[in-house]
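Visitor:
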Amino acid sequence: MKKIKFIIPLFLFITIFSFAVSAANVTYVVVSGDSMWKIAVKYQVGISEILNLNPQIKNAAVINIGDRIVIPDLSSVKTLENEVVRLVNIQRANNGLGALVQDWQFSRMARIKSADMIKFNYFSHTSPTYGTPFQMMTAFGFKYTAAGENIAYGQSTPAAVMQAWMNSAGHRANILSPNYKVIGVGAAKNTSGQIYWTQEFLSR
């Protein structure tokens, strides 16, 4: 079964888990000057995801030179996500619009949303964990003047999910909105192999 869903963009005029696409991990050896945040940025992964794989670390602020830290290898899922971003920007260029900038932390949030839909067996913009997309963005520290979300599941490739979204007026409107400047794309796979897709959009 393949499904897609979009949320009507929200415009505010203001002044302001386990991702089962890749099973492999990598090991990083701490060097002088490292912090957990620097390592997270280096691998573009959340600190909480690193800590989940490293129960020996009791305090994220305390790591030592030579410590071996397991890092989740998200290269496979990021390949899918990056391809969606590339296809989005092709569509935007074909329609005379500027490219959206991918923010890795925004993509991380989108990936968490996809994983949340799998974990709690729902398909909706409103999460039992995080609330609406706009509440989730705020909780993750994103400020915006305009924001929107597309979700889908069952499409096996970036091309397939993009075709589904572009064939739907609401999803297409989000993808081609001139109001958005930043994109995050998150994919997660359930135990049956179905991929859940989330696109997040915003302007700061």
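The opening residue of the sequence shown carries number 1365 in the numbering used here; numbering runs sequentially from there. Each residue gets a CB set at the ideal place from its N, CA and C atoms; glycine is no exception.
1. Across which residues does DSSP place Ser1567 in a beta bridge pair?
2. Could you give the C-beta distance for Gln1563 and Ala1474, rounded to a whole number, given that I count them as a contact under 8 Å?
3. Judging by CA-CA distance, which residue of Ile1411, Leu1438 and Ser1491 is the nearest neighbour of Ile1427?
4. With a threshold of 16 other CB atoms inside 10 Å of the CB of Lys1442, please say whether the residue is buried or exposed.
5. Check whether the stretch 1508–1517 and the stretch 1424–1438 touch, using three or more Cβ-Cβ pairs below 8 Å as the test.
6. Per DSSP, which residues does Thr1569 bridge with? Please list them.
7. Throw me the rounded Cβ distance for the Ala1551 and Ile1559 pair, which I believe falls under 8 Å.
8. I believe Phe1470 touches Val1525 by the beta-carbon criterion, under 8 Å. Please report the beta-carbon distance rounded to the nearest angstrom.
9. Taking 7 Å as the limit between beta carbons, can you name the residues of its chain near Pro1542, skipping five residues before and five after?
10. Tell me, to the nearest whole angstrom, how far the beta carbon of Ile1433 is from that of Val1409; I am working on the premise that it is less than 8 Å.
Guide: The relevant details are as follows:
1. Ala1510
2. 7 Å
3. Ile1411
4. buried
5. no
6. Residue 1569 is absent from the model: the chain starts at 1365 and stops at 1568.
7. 5 Å
8. Actually they do not touch by this definition, with Cβ atoms about 18 Å apart.
9. Leu1461
10. Contact flag wrong, Cβ pair sits at about 11 Å.
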